[in-house]
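Protein chains: 2
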Amino acid sequence: MLPRRPTSADVAARAGVSRTTVSFVLNGRDGAISPATRQRVIDAASQLGYHPHAPARQLAGGSSQTIGLVLCQSPEQVAGDALLADTLRGMTAAARLAGFRVIVEAVEPKGGRYADLLRSGRTDGLVVSGPRVDDPELRGIVSDRFPVVLQGSLPGLDVTSVDVDNRAGARGAVEHLISLGHRRIGCITNAPLAYTAASERLDGYRAALREANIEPSPDWIVEAAFDAQSGHRAMARLLAAGEFDAVFVASDVVAFGAIGALRAAGRRVPDDISIVGFDDIPLAAFLDPPLTTVRLPAYELGHAAGTALVDRIGHPGPPRRTLLATELVVRSSTGPPRSSTIARHAH
Amino acid sequence: MLPRRPTSADVAARAGVSRTTVSFVLNGRDGAISPATRQRVIDAASQLGYHPHAPARQLAGGSSQTIGLVLCQSPEQVAGDALLADTLRGMTAAARLAGFRVIVEAVEPKGGRYADLLRSGRTDGLVVSGPRVDDPELRGIVSDRFPVVLQGSLPGLDVTSVDVDNRAGARGAVEHLISLGHRRIGCITNAPLAYTAASERLDGYRAALREANIEPSPDWIVEAAFDAQSGHRAMARLLAAGEFDAVFVASDVVAFGAIGALRAAGRRVPDDISIVGFDDIPLAAFLDPPLTTVRLPAYELGHAAGTALVDRIGHPGPPRRTLLATELVVRSSTGPPRSSTIARHAH
DNA sequence: ACGCGTTACTGACGCGGGTTAGTGTGGAGG
DNA sequence: CCTCCACACTAACCCGCGTCAGTAACGCGT
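Protein chains in written order, with the numbering used here: chain E, 16 to 362; chain Y, 16 to 362.
Right, dumping it as structure tokens:
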């Protein structure tokens with residue numbers, strides 16, 4: 016049998032001091048400890064391979080040095096979320112800076128329980144990603160003043176949140192299409208409109224058209240849902256609804272499917288129709304044609320959420336809302352409309 | 016100020032019993048508790064909104080009910096890992112079945128520290144994903160008998176591991192090419208060969224060729240590294256090395272880049288050259304052409320790793336090695352070689 | 001009336017470490 | 001020589017909960 020893990024008492028015995036002294040040395044309260052003693056303690060600890068017992072420390076000290084990431088996403092969403100890995104990386108990096116770890120909890124969008132993470136003291140705070148408006152748990156923990164950061168946004172709930180500026184991003188994408196000369200511009204959403212990100216992006220699309228005095232008919236807008244399959248179907252419906260110069264697809268993954276549908280219908284991108292995506296997933300640049308899209312700073316998003324949460328745990332304060340900027344990445348899936356191409360050739 | 020969180024003593028007082036009784040009721044040791052008392056305790060707990068303090072429970076009981084997932088991956092790898100989300104989902108699901116949570120720790124491949132998660136008692140076990148052969152931490156925690164499950168495999172280390180059968184999967188993919196009539200079959204690896212998954216897949220490729228009495232020249236094999244960009248470069252090198260009927264690309268993401276290079280060189284897939292990928296990422300079916308690939312059961316992999324670890328925490332035993340089967344998914348990026356097509360036309 | 005289980009509960013200790021209120025010692029100042 | 005204080009350290013309590021070893025009350029057989 017292995018010797019049981021060493022405790023601070025073992026270190027104390029070995030160094031010939033009290034447990035209190037060990038605690039002082041190892042936690043930097045060295046003010047009153049002589050250098051010689053301090054060194055003895057440090058040596059003893061390292062010889063024994065001493066690691067403080069996190070739960071005991073938490074019990075005594077109160078903080079778990081852990082934050083939770085709650086993913087309120089259905090399986091299809093998670094699988095399709097090409098940026099989750101990056102967001103997670105950003106969040107763990109931010110957490111580590113403050114000495115925190117990250118617990119990940121994937122819950123079903125409805126009825127998933129996660130508040131226990133907080134109430135049981137396993138985590139000091141939570142980043143909640145993509146909750147529904149009617150999330151029952153969220154209101155409870157917010158009104159109990161637990162530190163929570165929303166990744167995404169939820170109208171009508173006054174919580175600290177971090178999100179990307181979906182509206183401005185979408186608007187920029189559509190303005191790009193308009194500036195190329197397109198007028199009949201369709202829109203395929205990234206998700207049902209109950210998801211705020213989806214409705215915000217749609218909003219940006221509408222704003223850009225309005226500004227250009229273009230009135231979109233209702234059948235210019237089709238809802239898709241997360242995966243390429245749904246994008247394929249959505250584009251098929253759009254094609255059935257009429258002719259388009261361009262389509263703004265509010266998700267690269269969905270755009271993959273949409274472009275597949277165009278290919279199947281014999282339309283060429285961008286010669287016959289221009290496509291702008293959203294997210295800039297790693298493969299967007301390698302699609303045929305390379306996809307013009309709106310870059311969503313996934314790592315930064317995770318990092319910002321983690322930082323905001325850790326910050327909030329340290330010094331509670333009023334809710335703050337952070338919006339990260341997106342960036343339009345122009346590749347080859349957008350170009351001038353066919354008519355203007357012809358005009359240019361005729362010229 | 017909010018009232019502080021209720022403790023089991025508060026519940027005991029409210030129910031008019033001792034703390035011990037509360038503990039017995041709430042932990043199912045009801046054998047000696049009368050139904051009336053038991054109900055009083057349960058009511059009191061729910062009225063107070065009592066949640067046991069996890070760290071205190073762990074300190075008393077010994078188990079953290081938490082497992083760790085350690086990702087030994089560089090940023091590019093993580094970003095490119097389209098299946099990570101699914102694997103993570105599988106692992107958290109497996110953990111939840113046993114009442115465990117999951118802490119995720121992303122560490123740099125070299126020098127990243129994660130053993131502290133175990134030594135500090137924050138987790139009861141670790142799933143280590145993709146460590147290097149020379150990982151310094153791993154040997155330590157293994158020889159200290161901590162419960163560890165390797166996701167992937169590491170020759171020469173006797174640890175419980177869960178992996179996909181890379182060799183058989185690659186072999187099946189190449190056999191598929193051979194059965195179509197291809198002979199000159201190149202290979203682009205998914206990663207440097209220091210990664211066992213990469214060398215195993217290469218092994219499978221070699222085995223299939225050997226069985227068909229094909230001797231690959233060294234310049235049929237080119238190393239890539241995780242992302243599409245590297246696949247693009249690798250394919251360019253392959254094209255410079257000679258003509259090929261087909262190429263086995265040991266990663267779908269890399270294959271995306273490789274196909275891009277073929278397109279740039281004016282070769283058509285599968286008419287001029289067939290391509291088989293590996294992983295079956297969600298977008299593989301939506302590539303142009305839809306990619307024939309080897310399905311890697313990501314969710315199941317995570318689930319198996321989680322289950323194996325939890326199992327091992329419960330009842331330690333000798334290391335076990337689990338290999339999950341892959342499945343060849345034939346789509347449209349593979350077809351008969353040009354010569355045979357011509358032959359068929361001539362016929 | 002007494003012993004002897006059961007039944008239904010409780011007292012007290014321990015998990016490992018943070019922390020507060022001390023304790024003893026030596027040296028400087030008066 | 002005594003006082004006083006900074007110095008270097010320690011005893012003891014606390015965090016919240018699990019759990020073992022009781023204990024009191026009660027019923028039953030003789």
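The C-beta atom is built at its ideal place from N, Cα and C for all residues, glycine as well.
Contact set between residue i and chain Y, taken where Cβ atoms lie within less than 7 angstroms
i: F301 of chain E; result: A243, F271, G272 and G275
i: S79 of chain E; result: P70
i: A97 of chain E; result: A97
i: I118 of chain E; result: R116, V117 and I118
i: D131 of chain E; result: H66
Per-residue burial, residue i [other beta carbons within 10 Å of its own, 16 or more giving buried]
i: H191 of chain E; result: buried
i: V148 of chain E; result: exposed
i: G246 of chain E; result: buried
i: N181 of chain E; result: buried
i: H197 of chain Y; result: buried
i: S49 of chain E; result: exposed
i: G46 of chain Y; result: exposed
i: P352 of chain E; result: buried
i: G105 of chain E; result: buried
i: A388 of chain E; result: Lying outside 16 to 362, the shown extent of chain E, residue 388 of chain E is not represented and no answer is given.
i: A27 of chain Y; result: buried
i: A361 of chain Y; result: Here A361 of chain Y scores only 41 on pLDDT, less than 50, and its place in the model should not be relied on; the value that follows carries that caveat. That one is exposed.
i: E230 of chain E; result: exposed
i: L302 of chain E; result: buried
i: E152 of chain Y; result: buried
i: R359 of chain E; result: Because the pLDDT at R359 of chain E is just 45, under 50, the model does not fix this residue reliably, and the value given afterwards should be weighed accordingly. Exposed.
i: A30 of chain E; result: buried
i: P162 of chain Y; result: buried
Pair within 8 angstroms by beta-carbon distance, residue i and residue j
i: N363 of chain E; j: A265 of chain E; result: Any question about residue 363 of chain E goes unanswered here, given that chain E covers just 16 to 362.
i: A249 of chain E; j: A273 of chain E; result: yes
i: V122 of chain Y; j: L324 of chain Y; result: no
i: V93 of chain E; j: A100 of chain Y; result: yes
i: S23 of chain Y; j: V37 of chain Y; result: yes
i: V177 of chain Y; j: G219 of chain Y; result: no
i: Y129 of chain E; j: V85 of chain E; result: yes
i: T341 of chain Y; j: S289 of chain Y; result: no
i: I118 of chain Y; j: G83 of chain Y; result: yes
i: A313 of chain E; j: T102 of chain E; result: yes
i: G140 of chain E; j: R327 of chain E; result: yes
i: L195 of chain Y; j: L208 of chain Y; result: no
i: G126 of chain Y; j: F293 of chain Y; result: no
i: T308 of chain E; j: V291 of chain E; result: yes
i: Y65 of chain Y; j: P124 of chain Y; result: no
Closest residue to residue i among the options (Cα-Cα distance)
i: D287 of chain Y; options: Y:V85, Y:E215, Y:S144 and Y:I200; result: Y:I200
i: L306 of chain E; options: E:A340, E:V344 and E:G332; result: E:V344
i: A255 of chain Y; options: Y:D234, Y:A319 and Y:L63; result: Y:D234
i: A280 of chain E; options: E:F263, E:R252 and E:G292; result: E:R252
i: G167 of chain Y; options: Y:C87, Y:A109, Y:E238 and Y:G126; result: Y:C87
i: E315 of chain Y; options: Y:R19, Y:G145 and Y:A108; result: Y:A108
i: P146 of chain Y; options: Y:D139, Y:G140 and Y:R154; result: Y:R154
i: L41 of chain Y; options: Y:H68, Y:I236 and Y:F263; result: Y:H68
i: S232 of chain E; options: E:P207, E:E215, E:A243 and E:E258; result: E:E258
i: I203 of chain Y; options: Y:F263, Y:H318 and Y:A51; result: Y:F263
i: L133 of chain E; options: E:L339, E:E91, E:Q80 and E:L172; result: E:Q80
i: H318 of chain Y; options: Y:L63, Y:H66 and Y:V179; result: Y:V179
i: Y210 of chain E; options: E:G187, E:R225 and E:F241; result: E:F241
i: E226 of chain Y; options: Y:R186, Y:S214 and Y:T138; result: Y:R186
i: D25 of chain E; options: E:T52, E:A60, E:R44 and E:R53; result: E:A60
Neighbouring residues, chain E, relative to residue i (Cβ below 7 angstroms)
i: S135 of chain Y; result: H66, P67, H68 and A69
i: A100 of chain Y; result: V93, A94, D96, L99 and A100
i: P90 of chain Y; result: R104
Assumed close pair residue i, residue j - CB separation to whole angstroms, cut-off 8 angstroms
i: P170 of chain Y; j: G136 of chain E; result: The Cβ separation is near 42 angstroms, so there is no contact.
i: A110 of chain E; j: G321 of chain E; result: 5 angstroms
i: P297 of chain Y; j: A97 of chain Y; result: 7 angstroms
Residues that residue i contacts on chain E, provided the C-beta gap is smaller than 9 angstroms
i: V325 of chain Y; result: Within 9 angstroms Cβ-Cβ: nothing; V325 of chain Y doesn't reach chain E, min ~16 angstroms.
Amino acids of chain E, ordered along the chain, whose beta-carbon sits closer than 8 angstroms to that of residue i
i: L74 of chain Y; result: H68, P70, A71 and L74
i: R278 of chain Y; result: D303
i: A121 of chain Y; result: L103, R104, T107 and A108
Chain-ordered chain Y contacts of residue i [CB-CB under 9 angstroms]
i: V268 of chain E; result: P297, L298 and F301
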